[in-house]
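Everything on this sheet refers to the single structure shown next.
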Amino acid sequence: MKRIAVFTSGGDAPGMNACIRAVVRGAVYHGIEVYGIRRGYSGMIAGDIFQMSSHSVSNIVQRGGTILKSARSKEFMTPEGRRKAYDKLQEHGIDGLIAIGGNGTFTGAMTFHNEYGIPTVGAPGTIDNDLYGTDYTIGFDTAVNTALDAIDRIRDTASSHDRVFFIEVMGRDSGYIAIQSGIGGGAELVMVPEVLTPISEVVETLRQGWLRSKASSIVVVAEGEEEGSAAEIADKIKSQIEEDIDMRVTTLGHTQRGGSPSAYDRILASRLGLGALEGLLAGQKNVMAGIINNELVYTPFEDTIRLPKPINEDLLRMVKILSI
Ligand code: F6P
Numbered sequence: 441m442k443r444i445a446v447f448t449s450g451g452d453a454p455g456m457n458a459c460i461r462a463v464v465r466g467a468v469y470h471g472i473e474v475y476g477i478r479r480g481y482s483g484m485i486a487g488d489i490f491q492m493s494s495h496s497v498s499n500i501v502q503r504g505g506t507i508l509k510s511a512r513s514k515e516f517m518t519p520e521g522r523r524k525a526y527d528k529l530q531e532h533g534i535d536g537l538i539a540i541g542g543n544g545t546f547t548g549a550m551t552f553h554n555e556y557g558i559p560t561v562g563a564p565g566t567i568d569n570d571l572y573g574t575d576y577t578i579g580f581d582t583a584v585n586t587a588l589d590a591i592d593r594i595r596d597t598a599s600s601h602d603r604v605f606f607i608e609v610m611g612r613d614s615g616y617i618a619i620q621s622g623i624g625g626g627a628e629l630v631m632v633p634e635v636l637t638p639i640s641e642v643v644e645t646l647r648q649g650w651l652r653s654k655a656s657s658i659v660v661v662a663e664g665e666e667e668g669s670a671a672e673i674a675d676k677i678k679s680q681i682e683e684d685i686d687m688r689v690t691t692l693g694h695t696q697r698g699g700s701p702s703a704y705d706r707i708l709a710s711r712l713g714l715g716a717l718e719g720l721l722a723g724q725k726n727v728m729a730g731i732i733n734n735e736l737v738y739t740p741f742e743d744t745i746r747l748p749k750p751i752n753e754d755l756l757r758m759v760k761i762l763s764i
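Heads up: the sequence shown is residues 441 to 764, going by this note's numbering.
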């Protein structure tokens with residue numbers, strides 16, 4: 441392998457830059473030419489491919505977002521799109537790829553590899569932490585801390601006004617951010633897509649708190665929660681609760697995707713970037729680099745995509761006990 445390319449795809453995540461840096465510097469160290477592809481698969485199709493050097497990644501380890509930019513490409517989902525991408529990679533003489541992203545990124549990488557055989561290794565970059573094959577994904581820790589900071593601020597005002605706040609955090613199909621930020625922020629209840637929480641249970645929890653003179657409460661709701669968005673859940677509860685409880689809703693949204701990565705994310709991203717690169721050079725393909733129990737492991741893309749990453753339901757039990 442003489443020349444590889446690196447790209448970021450799907451939703452960006454704090455720490456992606458640290459990961460790009462590790463891939464580029466690792467390649468330089470091992471005497472491999474390294475190229476960057478802008479805007480993920482869209483840039484691959486468009487041929488937006490450029491050579492990188494050690495200097496290209498100076499001063500980025502602390503920056504949020506991704507210097508390579510990101511996109512979700514519909515065209516790459518078509519055989520014609522993937523053909524164009526392959527032709528552009530051939531033009532540039534690329535013989536290996538490092539894909540930094542989440543589920544959608546690896547689904548694309550696996551299909552592409554099966555069709556054209558270019559060895560590809562992934563590094564898990566998504567705030568959702570929903571990938572099987574790694575304990576944590578790049579960006580998750582920073583997103584949790586961003587959400588936690590917001591929850592702390594909201595608790596101040598909730599307490600001043602004796603209000604109940606429903607705070608919606610990101611996580612399209614996953615409750616990881618909700619659980620961690622909920623426990624850290626001392627939430628009274630956490631609602632996640634993986635576990636059914638009937639509205640009646642939320643009403644009962646709030647009512648019991650009210651009866652115990654708990655004047656303010658925080659309910660953290662994951663974006664993918666089955667009962668609906670935080671606003672919809674608050675409406676349902678208002679119609680079922682007789683007590684005069686003042687309620688507000690805050691959706692944290694994309695604030696969780698930006699910002700300088702935490703120390704944990706910088707180190708994780710550096711390990712995974714270098715791990716992905718060295719795996720590729722050692723002959724790994726169609727796999728994602730991950731860290732499990734502090735060990736670098738490689739998991740087939742198929743498993744990272746197909747296998748669920750269950751949440752620890754005991755943590756939800758803990759939320760209930762600790763908020764009495
Ligand atoms: O996958 C990361 C994520 O932030 C999800 O939590 C969220 O549902 C989604 O991306 C939002 O995507 P977009 O930025 O395209 O709106």
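Cβ coordinates follow ideal geometry from the N, Cα and C atoms, glycine included.
Quick caveat: nothing in here was measured; it's all calculated off a predicted structure.
Residue i Cβ short of 8 Å to the ligand F6P heavy atom set
i: D592; result: no
i: R697; result: yes
i: D504; result: The residue asked about is misnamed: residue 504 is Gly in this sequence, not Asp. Checking every heavy atom of the ligand F6P against the Cβ of G504, none is found closer than 8 Å.
i: I567; result: yes
i: G466; result: no
i: G622; result: no
i: R479; result: no
i: G455; result: no
i: G615; result: no
i: R757; result: no
i: E665; result: no
i: G611; result: yes
i: G626; result: no
i: G668; result: no
i: G450; result: yes
i: G542; result: yes
i: R706; result: no
i: R512; result: yes
i: H601; result: no
i: H694; result: yes
Cβ distance (whole Å) where residue i is taken to contact residue j below 8 Å
i: I540; j: I460; result: 7 Å
i: V661; j: E628; result: Not confirmed; about 12 Å, so no contact.
i: A674; j: M687; result: 5 Å
i: L720; j: A462; result: Between A462 and L720 the Cβ distance is about 13 Å, and since that is not below 8 Å, they are no contact.
i: D568; j: S614; result: 5 Å
i: V561; j: K749; result: The pair is not a contact, with the Cβ atoms about 19 Å apart (cut-off 8 Å).
i: R503; j: S700; result: 7 Å
i: A563; j: A453; result: Wrong, their Cβ atoms sit about 11 Å apart, outside the cutoff.
Identity of the residues DSSP links to residue i by a beta bridge
i: L782; result: Nothing about residue 782 can be read from this structure; the chain reaches only from 441 to 764.
i: F606; result: V659 and V689
i: F516; result: None; F516 has no bridge partner.
i: F447; result: A539
i: Y738; result: A729
Distance cut-off 8 Å: residue i Cβ against heavy atoms of the ligand GTP
i: H532; result: Inclusion of the ligand GTP in the displayed structure is not the case, the ligand content consisting of the ligand F6P alone.
Fill in: At least three beta-carbon pairs within less than 8 Å, the segment 602-617 to the segment 656-670
yes
Item to complete: Check whether the segment 680-687 touches the segment 635-646, taking contact to mean three or more Cβ pairs, one atom from each stretch, closer than 8 Å.
Response: yes
Practice prompt. At 4 residues or longer, and completely inside the segment 625-654: list those alpha helix (DSSP H) runs for me, N to C.
Written response: 639-651
Item to complete: Go through the segment 525-578 residue by residue and report every complete run of the beta strand (DSSP E) that reaches 3 residues or more, in order.
Response: 536-541 and 560-564
Practice prompt. Decide yes or no for the touch test of the segment 477-493 against the segment 582-597: beta carbon pairs closer than 8 Å, at least 3 of them.
Written response: no
Worksheet entry | alpha helix (DSSP H) segments (min. 4 residues) lying fully within the segment 470-497 | 480-486
Worksheet item: How about the segment 735-753 and the segment 495-503: do they share at least three Cβ pairs that are nearer than 8 Å?
Response: no
Discussion item. Measuring CB atoms only, is the segment 575-587 touching the segment 687-704, in the sense that at least three cross pairs come out at less than 8 Å?
Written reply: yes
Item to complete: May I ask you to verify whether the segment 729-736 touches the segment 569-578, counting CB pairs closer than 8 Å and requiring at least 3?
Response: yes
Discussion item. Within 8 Å, do at least three Cβ pairs link the segment 482-493 to the segment 527-542?
Written reply: yes
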